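Q: As given, the protein sequences belong to chains A and B, one line each in that order.
Under the working numbering, the first residue of the first sequence carries the number 1305, and numbering increases by one thereafter.
Under the working numbering, the first residue of the second sequence carries the number 1394, and numbering increases by one thereafter.
By construction, the Cβ of each residue, glycine as well, lies at the ideal position given by its N, Cα and C atoms.
Bear in mind that the values here come from a model prediction, so they are computed numbers and not experimental data.
Before I ask anything, here is the structure I am working with.
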Amino acid sequence: MIQLFRLSKKFGPNIALSDMSLRVRKGEFVFVTGPSGAGKTTLLRLIFGAEKPASGYILINGINLNRISRSKLDLLRRKIGFIFQDFKLLPKKTVFENVALALEVTGERRTFVKKKTHQTLSLVGLAEKEKAYPLQLSGGEQQRVAIARAIVKDPLILLADEPTGNLDPDLTKDIMVLFRSIHIKGTTVVVATHSRELLEDTAQRVVFLNRGRIAGEK
Amino acid sequence: MTLRLWPYFFRQTLINIINNRTVHAIGLGTMIASLLIFGTFLILFVNLNAWLQGWEHSLSMSVYLQDEISESKRGKIASFIKDQPAAEIERFISKEEALRDLRSALGSQTGLLEGLSDNPLPASFEVVFRAEDSEIDLQRIKKEIENIEGVEEVQYTEDWLERFEGLMKIVRLVGFIIGGLLCIGVLFIVTNTIKLTIYSRRDEIEILKLVGATDWFVKIPFLLEGMVQGILSGILALLTLFSGYILLSTKKMHFLSLAVLDLVFLPHEYVLSILLISVALGLVGSLIAVGRFFDV
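Right, dumping it as structure tokens:
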């Protein structure tokens, strides 16, 4: 599903990723971990096509991101859900509108958009808060809105950048339960985190990054 | 781009306009002012042109007589004129009548004539040519009449027409320059208005791109916004011009204190052109604005 070959990325003089190769199979659940600055966010952004590598190449479902046109990248992004560390919710739109946005861009029928958005918000436990605005919600609730927006389009791949970074242990557990339920449906999930608690009891694959290189796997 | 997306685009356009109403109101006001200047100039041009054309269709000639001309010489001139093809003496204006006509035309400014010790105006024959065809050689007739004894000068409409056509050429040129400059100005206004609304929505644009929106999906509401601004300013400018026209046309307009000028409004094709130009300027302005900012 995701193949990275000898990937490198620099930001000015700083090396974010160096000669990295990684393969994530379809339906796999992978944690990517490491200290701050290890290259976790850069890795996810490269997979998402938000950054271009300095060298190496990325295959997503067999499509080479180095050669993809802008319009095809737009279409590919509809198959990838991304949960941002800072949520990236629109404060002037309601919870419902924030989530529906991901379906509206695909040109789906309005009735379908409404139905699917309701279902997804129910799944993340926010059915009662549809009409609220993001700033009226707690951090955990905002995180769940961001998750709902990422999964509402039934993505093939779900990328999550520090999804539990600002949450307490109980909410972290809830979010992980949610990810597992999405994974069970067949979605490939890649979660970037530096949280040790999240990784302690996991049976999933864990990739350790350090200074832009793979330092180990579990 | 599926038809299903258009309700979203229209909704988004409306929301953008409402959310950025101050910027839009300022942009709209400036655009209306520019179109008003352009429209006023067009009205002026259309009216001068109509006046000129009306004049062209009524060929006339003024035969000015020397002072103290004898009755028989005047009769000779009159019969020569009547012998010309399609010519008809509409009126003989004596020196006294000429002065009286001038006094009534000057109206309240008649005091200008008070210093005159004697009447400087010549007597004249007002001649009209009733023929529809323009084959009448007024130049030849003018020369022949001028050669008759007792004739001081002959003037016919073409003399004036030539002068006015020269003036109209200048008016047209000035119109093109003003129109061109105003178009550039309007384009600048639309571009900046849309840039400001894009700036106010930059977070949303980034998120739209991150969830897989195509460039056109993001751009279309902004293009519609520019077009709405264009069409609204066009309609409002035309309505203002028409109100001004109604107000002015109820009064008799005196042109150069002498002739009564009947105002005409812009013909349909001009009205349509102004609307199309406004929409086109709105569209082009917003196209320039959305040109490059989608590198997400």
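1) Judging by CA-CA distance, which residue of Gly-1578(B), Ile-1570(B), Leu-1680(B), Leu-1580(B) is the nearest neighbour of Pro-1614(B)?
2) Using beta carbons (cut-off 8 Å, strictly below), is Tyr-1401(B) in contact with chain A?
3) Quick one: is Leu-1649(B) near chain A, going by C-beta distance under 8 Å?
4) In angstroms, rounded to a whole number, what distance separates the CA positions of Arg-1523(B) and Val-1547(B)?
5) Does Thr-1346(A) have its Cβ less than 8 Å from a Cβ in chain B?
6) Anything in chain B within Cβ reach of Asp-1378(A), meaning under 9 Å, just list it in chain order.
7) Look up Gly-1520(A) in the DSSP assignment and give the residues it is bridged to.
8) Put Asp-1688(B) into one of helix, strand or coil per three-state DSSP.
9) At what residue ranges does the stretch 1384–1443 of chain A contain a whole run of the beta strand (DSSP E), taking only runs of 3 or more?
10) Could I get the ranges of all uninterrupted alpha helix (DSSP H) runs contained in the stretch 1453–1510 of chain B, with 4 residues as the minimum, in chain order?
11) Count the C-beta pairs between the stretch 1422–1441 of chain B and the stretch 1530–1537 of chain B that are closer than 8 Å, then say yes if the count reaches three, no if not.
12) Indicate the three-state DSSP secondary structure (helix, strand or coil) for Ser-1373(A) in the structure shown.
13) Below 8 Å between beta carbons: does that hold for Met-1454(B) and Leu-1531(B)?
14) Give the residues of chain A in contact with Arg-1397(B), contact being defined as C-beta atoms less than 9 Å apart.
15) Could I get the ranges of all uninterrupted alpha helix (DSSP H) runs contained in the stretch 1568–1627 of chain B, with 4 residues as the minimum, in chain order?
16) What are the residues in the stretch 1379–1405 of chain A lying within 9 Å of chain B by C-beta distance?
17) Report the three-state DSSP secondary structure of Asn-1413(B) (helix, strand or coil).
18) Straight-line CA distance for Ile-1387(A) to Phe-1569(B)?
19) Return yes when the Cβ of Lys-1330(A) is within less than 8 Å of the Cβ of Thr-1492(A), no when it is not.
20) Just the Cα atoms here: how many angstroms apart are Leu-1513(A) and Thr-1421(A)?
21) Who are the neighbours of Glu-1597(B) on chain A, taking C-beta pairs under 7 Å?
22) If you draw a straight line from the alpha carbon of Ile-1362(A) to that of Leu-1405(A), how long is it in whole angstroms?
23) Rounding to the nearest angstrom, what Cα-Cα distance links Leu-1649(B) and Arg-1404(B) in this structure?
24) Identify whether Asp-1655(B) lies in helix, strand or coil by the three-state DSSP scheme.
25) Name the DSSP bridge partner or partners of Thr-1395(B)?
26) Going by other Cβ atoms of all chains shown within 10 Å of its Cβ, with 16 needed for buried, is Leu-1651(B) buried or exposed?
27) State the start and end residues of the unbroken beta strand (DSSP E) segment that holds Lys-1330(A).
28) Just tell me which of Gln-1307(A), Ile-1461(A), Arg-1381(A), Lys-1396(A) has its CA closest to the CA of Gly-1360(A).
29) Using CA coordinates, which residue listed in Ile-1591(B), Trp-1609(B), Ser-1671(B), Glu-1597(B) is at the minimum distance from Ala-1682(B)?
A: Based on what the coordinates show:
1) On the second sequence, residue 1614(B) is found 221 positions in, with the first residue counted as 1. Measuring from the Cα of Pro-1614(B), the nearest candidate turns out to be Leu-1680(B).
2) On the second sequence, position 8 is the one that residue 1401(B) refers to. Yes, because at least one Cβ of chain A sits closer than 8 Å to the Cβ of Tyr-1401(B).
3) What you label residue 1649(B) is simply residue 256 of the second sequence in a count that begins at 1. With a pLDDT of 48 at Leu-1649(B), under the threshold of 50, the predicted position of this residue should be treated as unreliable, and no value is reported.
4) Against the second sequence, residue 1523(B) aligns to sequence position 130. Against the second sequence, residue 1547(B) aligns to sequence position 154. Distance between the alpha carbons of Arg-1523(B) and Val-1547(B) is about 18 Å.
5) By 1-based counting over the first sequence, the position of residue 1346(A) is 42. Output row for Thr-1346(A): interface = no.
6) As a first step, residue 1378(A) is located in the first sequence; it is residue number 74 there, counting from the start. The answer, in chain order, is Lys-1602, Gly-1605, Ala-1606, Thr-1607, Asp-1608, Phe-1610.
7) In the first sequence, counting from the first residue as 1, residue 1520(A) sits at position 216. Paired residue(s): Phe-1512(A).
8) To locate residue 1688(B), count along the second sequence from 1; it is residue 295. Here Asp-1688(B) scores only 48 on pLDDT, less than 50, and its place in the model should not be relied on; the value that follows carries that caveat. Coil at Asp-1688(B), not helix or strand.
9) 1384–1387
10) 1464–1476, 1488–1499
11) no
12) By 1-based counting over the first sequence, the position of residue 1373(A) is 69. If DSSP states are grouped into helix, strand and coil, Ser-1373(A) belongs with coil.
13) Here residue 1454(B) refers to the residue found at position 61 when the second sequence is read from its first residue. Here residue 1531(B) refers to the residue found at position 138 when the second sequence is read from its first residue. Closer than 8 Å, so yes.
14) Counting from one through the second sequence, the residue named residue 1397(B) turns up at place 4. Under the 9 Å cutoff, chain A gives Gly-1411, Glu-1412, Arg-1413, Arg-1414.
15) 1595–1603
16) Leu-1379, Leu-1380, Arg-1381, Arg-1382, Lys-1383, Ile-1384, Gly-1385, Phe-1386, Phe-1388, Lys-1392, Leu-1393, Leu-1394, Pro-1395, Lys-1396, Lys-1397, Asn-1402, Leu-1405
17) Here residue 1413(B) corresponds to residue number 20 of the second sequence, with the count starting at 1. DSSP places Asn-1413(B) in coil when its eight states are reduced to three.
18) Taking the first sequence and counting its residues from 1, the one referred to as residue 1387(A) is at position 83. Taking the second sequence and counting its residues from 1, the one referred to as residue 1569(B) is at position 176. So the alpha carbons of these two residues sit roughly 56 Å apart.
19) By one-based count along the first sequence, residue 1492(A) stands at place 188. By one-based count along the first sequence, residue 1330(A) stands at place 26. Yes.
20) As a first step, residue 1513(A) is located in the first sequence; it is residue number 209 there, counting from the start. As a first step, residue 1421(A) is located in the first sequence; it is residue number 117 there, counting from the start. Near 36 Å, if we compare the C-alpha coordinates of Thr-1421(A) and Leu-1513(A).
21) Translated into positions along the second sequence, residue 1597(B) becomes position 204. Chain A residues near Glu-1597(B): Leu-1394.
22) Within the first sequence, numbered from 1, the residue matching residue 1362(A) stands at position 58. Within the first sequence, numbered from 1, the residue matching residue 1405(A) stands at position 101. Cα-Cα distance, rounded: 27 Å.
23) For the purposes of this step, residue 1649(B) is identified with residue 256 of the second sequence, where counting begins at 1. For the purposes of this step, residue 1404(B) is identified with residue 11 of the second sequence, where counting begins at 1. Low confidence applies to Leu-1649(B): its pLDDT is 48, below 50, so where it sits in the model is not reliable enough to give any reading.
24) Here residue 1655(B) corresponds to residue number 262 of the second sequence, with the count starting at 1. Of the three classes helix, strand and coil, the one that applies to Asp-1655(B) here is coil, per DSSP.
25) Translated into the one-based positions of the second sequence, residue 1395(B) becomes position 2. Paired residues: none, contrary to the question.
26) Position 258 of the second sequence, counted from the start, is the residue given in the question as residue 1651(B). Annotation note: pLDDT 47 at Leu-1651(B) (below 50); position unreliable, coordinate value reported separately. It is exposed - the Cβ of Leu-1651(B) has fewer than 16 other Cβ atoms within 10 Å.
27) On the first sequence, position 26 is the one that residue 1330(A) refers to. From DSSP, Lys-1330(A) is part of no beta strand (DSSP E); its letter is neither H nor E.
28) By 1-based counting over the first sequence, the position of residue 1360(A) is 56. That would be Gln-1307(A), whose Cα lies nearest to the Cα of Gly-1360(A).
29) Position 289 of the second sequence, counting from 1, holds the residue named residue 1682(B). It is Ile-1591(B).
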